[in-house]
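Chemist:
Numbering (full-length UniProt numbering), first residue to last: 1 to 367.
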């Protein structure tokens, strides 16, 4: 990734270009929050459960959108083709994991929908381009869509029209969260018809785009934003309290889902800015931590299914907290094995190539 390299920039911005240990640590914690969100309920009190699962845990995905787009924008600063290469890499990874989860996704469709085999190709295409072949994979096509559209609109129109558009789109998407507050029958009917066709508003257009735009904006205006560094801690606390307040409003009248909360936008923006300045002073392999967080995201649904099978086989695992712990430990171990395999694979490949060359040379001598 290219360095910032702008004359007159303050020390804070320079440090951000060198090390982002705080970001790595928070992203790792966010990956664990995603696991907690997808696992069974562990808190019995309804309000506390709601605040944990639908407020705290829902910070993770917007934070990932902002973080990914911020660093992609930084990469573009050093190489104009960085976005293209990043998206190509993301698509390859996405297709691999889509293939892994495809059988489970089709089993889920068979259990929940009356879908004929002739419509399976349509379901597969919809999964790949929109919902993901399993529930957690929607994030990747949403991120890719958001990055492409935001990049294009910034070049064509600039940030102000982009944010106006994303505001309107997010407003429509938030009807999913605030469905219980809709009093207009025509609007409710229209939204019901939309959901009948498109299932959810949690996608690249209505949800991801605004957070991707924020990430791009935070990089492009990093020097001006860094001047407010001393206020970030207060802003995190202030916007966090607003987020909790909005969570209680949603709790008072539940909608269809709780993906969209307006205070997530300012909170994750200032929380990300604060975390950029957080340099963790400890001897930790943060690169390994980044890799773990990435594989936690992709692998954890497999471990959740495995833990669910343990529950069916052994009553001992019926405790929700124990299931969560088993899932996290299994996810960590499996992720570590995948990382180890990926690290060793180049060496195996080199050894294989060397062996082939030796054998080829030996055969040529015999001939």
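Each residue gets a CB set at the ideal place from its N, CA and C atoms; glycine is no exception. Small disclaimer: the values here were computed from a predicted structure and weren't measured.
Assuming residue 368 and residue 59 form a contact by the criterion Cβ under 8 Å, report the distance between their Cβ atoms to the nearest whole angstrom.
Modeler: This structure cannot settle anything about residue 368, because the visible part of the chain is limited to 1 through 367.
Chemist: Relative to the C-alpha of residue 103, which candidate in 211, 91, 123 has its C-alpha closest?
Modeler: Cα-wise, what sits closest to residue 103 is 123.
Chemist: Report yes if the CB atom of residue 276 is closer than 8 Å to the CB atom of residue 20, and no otherwise.
Modeler: It is a contact, given that the beta carbons lie within the stated cut-off.
Chemist: For a minimum of 4 consecutive residues, which ranges assigned as the alpha helix (DSSP H) are wholly contained in the region 139-166?
Modeler: Here the runs fully enclosed are 139-156.
Chemist: Within 10 angstroms of its Cβ, does residue 16 collect 16 or more other Cβ (buried), or is it exposed?
Modeler: Per-residue confidence for residue 16 stands at a pLDDT of 45, beneath the threshold of 50, marking its modelled position as unreliable; the derived number appears in the next sentence. The residue is buried, with at least 16 neighbouring Cβ atoms inside 10 Å.
Chemist: Buried or exposed, going by whether 16 or more other CB atoms sit within 10 Å of the CB of residue 252?
Modeler: Under this definition residue 252 is an exposed residue.
Chemist: How is residue 258 classed by DSSP in three states: helix, strand or coil?
Modeler: Note: residue 258 maps to coil in three-state DSSP.
Chemist: Closest to residue 105 by C-alpha separation, out of 182, 126, 217, 82, would be which residue?
Modeler: Considering only alpha carbons, the answer is 126.
Chemist: Using DSSP with H/G/I as helix, E/B as strand and the rest coil, what is residue 20?
Modeler: Coil.
Chemist: Quick one: what's got a C-beta closer than 6 Å to residue 101's C-beta in the same chain, skipping five residues either side?
Modeler: Taken in chain order, the residues that qualify are 133, 134.
Chemist: Across the region 153-166 and the region 77-89, are there enough close Cβ pairs to call them in contact, namely three or more that are closer than 8 Å?
Modeler: At 8 Å Cβ cutoff, the stretches do not touch.
Chemist: How many whole angstroms separate the CB atoms of residue 208 and residue 146, which I take to be in contact at a CB cut-off of 8 Å?
Modeler: About 4 Å; that satisfies the 8 Å criterion.
Chemist: Exposed or buried, what is residue 114 when buried is set at 16 or more other beta-carbons lying within 10 Å of its beta-carbon?
Modeler: Label assigned to residue 114: exposed.
Chemist: Within 10 angstroms of the Cβ of residue 285, are there 16 or more other Cβ atoms? Answer buried if so, exposed if not.
Modeler: With fewer than 16 other Cβ atoms within 10 Å, it is exposed.
Chemist: Report the rounded CA-to-CA distance for residue 96 versus residue 89, giving the unit in angstroms.
Modeler: Answer to the nearest angstrom: the Cα atoms are 11 Å apart.
Chemist: Grab me the residues of residue 246's own chain with a C-beta within less than 6 Å of its C-beta, minus the 5 sequence neighbours each way, in chain order.
Modeler: So the list reads 261, 263, once near-sequence residues are dropped.
Chemist: Between residue 108 and residue 202, which are expected to be in contact by the criterion C-beta below 8 Å, what is the C-beta distance as a whole number of angstroms?
Modeler: Not a contact, Cβ separation roughly 17 Å.
Chemist: Going along the chain, which residues of its own chain have a beta-carbon closer than 6 Å to the beta-carbon of residue 293, five neighbours each way excluded?
Modeler: Hits under 6 Å: 27, 28, 31.
Chemist: Could you tell me whether the Cβ atoms of residue 185 and residue 255 are closer together than 8 Å?
Modeler: Contact flag unset, no.
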